[in-house]
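*Asks:* Residue numbers (our numbering): 74 to 499.
The beta-carbon is built from N, C-alpha and C at its ideal position, and this holds for glycine as well.
Please read through the structure below; I'll follow up with questions.
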């Protein structure tokens, strides 16, 4: 058997074995196996360059060479992006099937991607040898997951400046409030600990607080990592009963507690429902950082703490929090959640924020009675976040993960909302 064919056969067998056994960490690392070196030079594009082209509205065609199951769960998409999925092993034979090549346009440039960049370079090379105009994405979806952008919230009218952090790969959002010579970050991600420290250095301020809204189920929190380098870590007091092992090392935020950042005040607002400890933070009376309680396109899912059995009670608790703690704020109060989905529409300033009054007009769920609300959010919940059964105990401090393990645990979509479709505009 030709060496390339043998490689293809072994690789495909390994993939099927690992996929069937649920050993996804090893499955993910398969992309680091050595691929045959292309006989032609292949141009590459960085994740940041690709993101800029998508944002600019450039028409792009992406060939995603990951397995179909990975592609269906999580991929780069957009109104101006045509995405095609052909797994990389289809290109390992000397003679590529005509049906495979027939699925790939030959009248435009193709951007090939995979999990970590190895397979895509090889696939791009084989296509270039056949006359295709191609490039490949450096570091693949791993590199895409390292994009983290900071966007100013223009409509914030409190003291100082407010920024929203955005992670396009997973829809994670965080907030940085800066006033005077102080700053605080809300819902930081461990993977970007150095980024927060670099940003405050660039802004010539001290990072005073690192604050979590709840025990996250889709990513590893950065609060403890920042606390370890001298930033005051803050977690909701109401989350401790879930089994937080490091509570004695943190400042506990109870309903009504305030944190001063320059002349800006961050007020703690207890809003249970998504989890029993879910806590929002009102930033100088202008923006409510709602964590996973309310998003600009949906509301929280209620099943990640107590499962399906506890979801109805949690949904009723969420309804009460929204009606009594959130929607009672002035209509011009901005809402900023901890996530956004593909269904979310950014505001004119590029942030995923919206005034309460606008959300009430656009989202029927916010004006329903309790029974209808509970029925709606229990009716069509998406799959739970990938690896949430490992991420939650890691965030509780009950198990450990090194930086690489933590990063791989949180790859993929967040799925923290009650619906994958927008509830706004119903």
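Using a 10 Å radius around the Cβ and a threshold of 16 neighbouring Cβ atoms, would you call residue 197 buried or exposed?
*Replies:* So residue 197 counts as buried.
*Asks:* Going by alpha carbons, who is nearest to residue 111 out of 342, 195, 385?
*Replies:* The candidate whose alpha carbon is nearest that of residue 111 is 195.
*Asks:* I'd like the ranges of any beta strand (DSSP E) spanning at least 3 consecutive residues and lying wholly in the region 421 to 447.
*Replies:* If we require 3 residues or more, the beta strand (DSSP E) runs fully inside the region 421 to 447 come out as 426 to 428.
*Asks:* Closer than 8 Å by C-beta to residue 511: which residues in its own chain qualify, once you throw out the five before and the five after it? Chain order, please.
*Replies:* Absent from the structure is residue 511, since the part of the chain shown begins at 74 and ends at 499.
*Asks:* What does a CB cutoff of less than 7 Å around residue 330 pick up in its chain, not counting 5 residues either side in sequence?
*Replies:* Around residue 330: 341.
*Asks:* Quick check on the DSSP output: what are the complete alpha helix (DSSP H) runs of length 4 or more inside the region 374 to 423, in order along the chain?
*Replies:* Qualifying alpha helix (DSSP H) stretches, in chain order: 380 to 394.
*Asks:* State buried or exposed for residue 184, treating a residue as buried only when at least 16 other CB atoms are found within 10 Å of its CB.
*Replies:* Looking at its Cβ environment, which holds 16 or more other Cβ atoms inside 10 Å, residue 184 is buried.
*Asks:* Closest to residue 250 by CA distance: which of 242, 240, 262, 229 is it?
*Replies:* Measuring from the Cα of residue 250, the nearest candidate turns out to be 229.
*Asks:* Identify the continuous beta strand (DSSP E) that holds residue 177 and give its terminal residues.
*Replies:* Run containing residue 177: none; DSSP gives neither H nor E here.
*Asks:* As an exercise, report each continuous beta strand (DSSP E) stretch of at least 3 residues that is fully enclosed by the region 313 to 342, in chain order.
*Replies:* Within the region 313 to 342, the complete beta strand (DSSP E) runs of at least 3 residues are 324 to 326, 331 to 334.
*Asks:* Could you tell me which residues DSSP pairs with residue 187 in its beta bridges?
*Replies:* Looking at the DSSP assignment, residue 187 forms no beta bridge with any residue, so it has no partner.
*Asks:* Report the CB separation of residue 474 from residue 177 in whole angstroms; it is logged as a contact under 8 Å.
*Replies:* Between residue 177 and residue 474 the Cβ distance is about 38 Å, and since that is not below 8 Å, they are no contact.
*Asks:* Among 108, 190, 159, 161, which one has its Cα closest to the Cα of residue 116?
*Replies:* Here the closest residue by C-alpha is 190.
*Asks:* Could you pull the start and end residues of the beta strand (DSSP E) that residue 157 belongs to?
*Replies:* First-last of the beta strand (DSSP E) with residue 157: 154 to 158.
*Asks:* Cα separation between residue 386 and residue 302?
*Replies:* The straight-line gap from Cα to Cα measures roughly 39 Å.
*Asks:* Count the other CB atoms within 10 Å of the CB of residue 173; is the residue buried (16 or more) or exposed (fewer)?
*Replies:* Flag for residue 173 reads exposed.
*Asks:* Can you give the Cα-Cα distance for residue 100 and residue 118, rounded to whole angstroms?
*Replies:* In this prediction, residue 100 scores a pLDDT of 43, lower than 50, which makes its location untrustworthy; the coordinate-derived value is nonetheless stated afterwards. Spanning the two alpha carbons is a distance of roughly 25 Å.
*Asks:* Three or more beta-carbon pairs under 8 Å between the region 358 to 373 and the region 423 to 433, yes or no?
*Replies:* Taking 8 Å as the limit for Cβ pairs, the verdict is that the region 423 to 433 does touch the region 358 to 373.
*Asks:* If you follow the alpha helix (DSSP H) that residue 372 is part of, which residue opens it and which one closes it?
*Replies:* First-last for residue 372: undefined, no H or E at that position.
*Asks:* Could you tell me if residue 89 is buried or exposed, where buried requires 16 or more neighbouring beta carbons within 10 angstroms of its beta carbon?
*Replies:* With a pLDDT of only 47 at residue 89, under 50, the local geometry of the prediction cannot be trusted, and the value read off the model is given with reservation. The residue in question, residue 89, is exposed, as its Cβ has fewer than 16 Cβ neighbours within 10 Å.
*Asks:* Evaluate contact between the region 305 to 316 and the region 223 to 241, counting only Cβ atoms and requiring at least three cross-stretch pairs below 8 Å.
*Replies:* No contact exists between the region 305 to 316 and the region 223 to 241.
*Asks:* Mind reading off the beta-carbon distance from residue 482 to residue 388? Whole number of angstroms is fine, and I expect it under 8 Å.
*Replies:* Not confirmed; about 27 Å, so no contact.
*Asks:* For residue 239, does the count of other Cβ atoms within 10 angstroms reach 16, so buried, or fall short, so exposed?
*Replies:* By the 10 Å Cβ count, residue 239 comes out buried.
*Asks:* Between 384, 187, 132, which lies nearest to residue 158 when the distance is taken from Cα to Cα?
*Replies:* Nearest of 384, 187, 132 to residue 158, Cα basis: 187.
*Asks:* Should residue 202 go down as buried or exposed, given a rule of 16 or more other Cβ atoms within 10 Å for buried?
*Replies:* Exposed, since its Cβ has fewer than 16 Cβ neighbours within 10 Å.
*Asks:* Under 7 Å, do residue 283 and residue 258 count as touching if we go by C-beta distance?
*Replies:* Against a cut-off of 7 Å, the Cβ pair of residue 258 and residue 283 comes out as a contact.
*Asks:* If you reduce the DSSP assignment to three classes, tell me which class residue 237 lands in.
*Replies:* Strand at residue 237.
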